[in-house]
Amino acid sequence: MAKVDDDALAYTEELPGAKPNDPIYFENEVIDHLIGIVLELGAQFWVTRDRLAFLEEQLAANGTVSLEDLEHGRPSDELQKKLQEERQEMIRKVYGRLYQRIGGDGAEAKAAIMS
Amino acid sequence: MSAEQATVEEALYSRGKVAGVYPSLTTRSDEAYIEFIEDARNLLLHAQQRPIGQYSEQLMREADMSMDPDPENTSAAIDLLMQDPTLKTYYRVKRSLQESFWSALSGSFNKRRETILAAFEAAENQGPGTLAYDKSGEQPVQDYATREIHIQPGGYANEALAGLYYDYGLKVFLGGAADFDRLSKGVAMATAVPEDGKVERILDLGVSAGATTIALKQKHADAEVWGIDISAPMVRYAHVRAQQAGADVHLRQMPAEDLDFDDNHFDAILAMLLFHELPVPVAREVIAEAFRVLRPGGKFTVLDFPGVRSRGVYSMFFAEMDAADNGEPYLPAYVRSNVEDLLVEGGFELESYDPATALMRGRVAVKPLD
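Sequences listed follow chains A and B, in order.
Residues are numbered in our numbering as their position in the first sequence, beginning at 1, plus a constant of 1.
Residues are numbered in our numbering as their position in the second sequence, beginning at 1, plus a constant of 1190.
Printed below as a string of structure tokens:
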């Protein structure tokens, strides 16, 4: 009969991520916070860059722009494609150094594979 | 267009759809943020799996570690590998991106929460298809189903927008592989049918957002397709999703371990990514119920992660880290149970199983003819 010993797996409850809130992976938790900060700053920066590009496209095309369009519209397909390329390049450039030691900084983006 | 349909269109799809099927986020800024997260996941997590794996295995070789995936050795691997700063960084990034993603996604849809919930209600009595769930909210949901799987805010059962969160969450989690429902179409193709070709009724266990239920109906247009989930929010959202696809499916809130169907009722049953979300004792009950409601000769397709017998210690380490980081509390025990063994213990004959294709071809189990 297939048997699973729950006691033998108790160690999995001690893994950092098992803590539902504020898990800590480093001995110095400031590093955890800094990684979260730089990722969030990157995301927020990207949102601003996206909005600026959309604003420029709207002004170039129409000479004017409405807040409604900026809030709920979308850049053209062409601009979205360009922004995607810029975004991916930005992520590689800014964050790729996290994995330089293991030669992962040049890895190409790919769709998820399941473990 | 009926008033109810207009309500759904306005509430969910006023900014159109993303990748063919997903309701757009509320603002362009919300969308740009999630696009950053999706690309960051692809580049900083998925694209790093091979280098991280090779590096980890190198560290284990240098430490002269056994490759045995037993719990004691896996625990030792965790102790070793999680001293390394690059590996800590990888898992920290994974968790941070997941937390940021959920915060942004739930924040975006919550801006129009009441209109979305009104749309769900408007859609309930509309076809095609049917929906039934506990509207009183008083029917208790089993404890195991109330955990925040994938650290999704509110979990699957206690957050009214859980189906919508899950759907978009899967899109980003898989980095585009689920876009246009192409993954679900593949799943429907992989769902085995009886040798005699008679497919009158199909059951989808644990429908989540309903994409596989829809795909099953699209593949088996003449069959009655039923989908159940323990979560009312999931089936409510799946019903809307099915309407959008024009799929005449029957969705019910129901625990898979206590099915309200007659014996020998279905010709084929699918369980896609269900079992690793269940405690092993519940998994045994689900298998017993699947056996009961499947007719002799019927086939039960289980698409889920491979078990421990096909893994080495690094694979177990990765799975158990992912289980903690990604809110999968039942995954470690699931992997170690080798669900194909549970199927055989439950009376099924295992027709086919290749661990290399566990997720896309799965275990196919047959209910014996006598």
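Ideal placement from N, C-alpha and C gives every residue a C-beta, glycine not left out.
Asked                                                                                                                                                                                                        : Found
Buried or exposed for alanine 113(A), please, with buried defined as at least 16 other CB atoms from any protein chain shown within 10 angstroms of its CB.                                                  : Because the pLDDT of alanine 113(A) is 42, which lies under 50, any placement of that residue in the model is unreliable, and the number read from its coordinates should be weighed accordingly. Classification for alanine 113(A): buried.
Counting only C-beta atoms, is valine 48(A) closer than 8 angstroms to chain B at any point?                                                                                                                 : yes
Determine, for glycine 64(A), whether the minimum Cβ-Cβ distance to residues of chain B falls below 8 angstroms.                                                                                             : no
Ends of the alpha helix (DSSP H) at alanine 1555(B)?                                                                                                                                                         : Where alanine 1555(B) is concerned, there is no enclosing alpha helix (DSSP H), although the beta strand (DSSP E) it sits in stretches over 1553–1556.
Could you name each continuous alpha helix (DSSP H) segment of 4 residues or more that falls completely within the segment 7–71 of chain A, going from the start of the chain to the end?                    : 30–63
So is glutamine 1288(B) buried or exposed if we call it buried at 16+ other beta carbons inside 10 Å?                                                                                                        : buried
Please work out which residues of its chain come closer than 6 angstroms, Cβ to Cβ, to phenylalanine 27(A), disregarding the five sequence neighbours upstream and downstream, and give them in chain order. : Asp33
Do alanine 1428(B) and glutamine 1443(B) count as a contact pair if the criterion is CB distance below 8 angstroms?                                                                                          : no
Between which two residues does the beta strand (DSSP E) containing leucine 1321(B) stretch?                                                                                                                 : 1320–1322
Spatial neighbours of valine 123(A) within its chain, please: C-beta separation below 7 angstroms, excluding the five flanking residues on both sides.                                                       : Lying before the first or after the last residue shown, residue 123(A) is absent from chain A, which here runs from 2 to 116.
Does serine 1500(B) get closer than 8 angstroms to chain A when you measure Cβ to Cβ?                                                                                                                        : no
Distance, Cα to Cα, leucine 1234(B) vs phenylalanine 1363(B)?                                                                                                                                                : 13 angstroms
Could you compute how far the alpha carbon of glutamate 1530(B) sits from the alpha carbon of threonine 1197(B)?                                                                                             : 45 angstroms
Output needed for serine 1286(B): all residues of its chain with C-beta closer than 8 angstroms, excluding positions within five of it in sequence on either side, in chain order.                           : none
If I measure Cβ to Cβ from aspartate 1544(B) and keep anything under 7 angstroms in the same chain, skipping five residues before and after, which residues do I get?                                        : Arg1551
By DSSP, does histidine 1440(B) sit in helix, in strand, or in coil?                                                                                                                                         : strand
Hey, alanine 1399(B) and valine 1377(B): beta-carbon distance below 8 angstroms or not?                                                                                                                      : no
Let me know the secondary structure DSSP gives alanine 1347(B) once reduced to three states.                                                                                                                 : coil
So, serine 1542(B) versus alanine 1473(B), is the Cβ gap smaller than 8 angstroms?                                                                                                                           : no
Going by beta carbon distance, what residues of the same chain come within less than 7 angstroms of alanine 1548(B), once the five residues before and after it are set aside?                               : Asp1494, Phe1495 and Pro1496
Please say whether alanine 1401(B) and aspartate 1371(B) have beta carbons closer to each other than 8 angstroms?                                                                                            : yes
Okay, do the segment 1205–1218 of chain B and the segment 1252–1268 of chain B touch, 3+ Cβ pairs below 8 angstroms being the bar?                                                                           : no
Could you tell me whether the Cβ atoms of arginine 88(A) and tryptophan 47(A) are closer together than 8 angstroms?                                                                                          : yes
Identify the contact partners of arginine 1285(B) in chain A, using a Cβ-Cβ distance below 7 angstroms as the criterion.                                                                                     : Gly18 and Pro24
Using beta carbons (cut-off 8 angstroms, strictly below), is leucine 68(A) in contact with chain B?                                                                                                          : no
Can you give the Cα-Cα distance for glycine 64(A) and glycine 37(A), rounded to whole angstroms?                                                                                                             : 39 angstroms
If you drop the 5 nearest sequence neighbours on each side, which residues of the same chain put their C-beta closer than 8 angstroms to that of isoleucine 1259(B)?                                         : The question names isoleucine, yet the displayed sequence has proline at residue 1259(B). Hits under 8 angstroms: Val1498, Arg1501, Gly1502, Val1503, Ser1505 and Met1506.
What number of angstroms, rounded off, separates the C-alpha of valine 1534(B) from the C-alpha of alanine 19(A)?                                                                                            : 32 angstroms
Rank Ala1237(B), Val1283(B) and Met1250(B) by C-alpha distance to the C-alpha of proline 17(A) and give the top, closest one.                                                                                : Val1283(B)
Taking 8 angstroms as the CB-CB cut-off, is aspartate 78(A) touching chain B?                                                                                                                                : no
Residues of chain A with a CB under 7 angstroms from the CB of serine 1265(B): which are they?                                                                                                               : Tyr12
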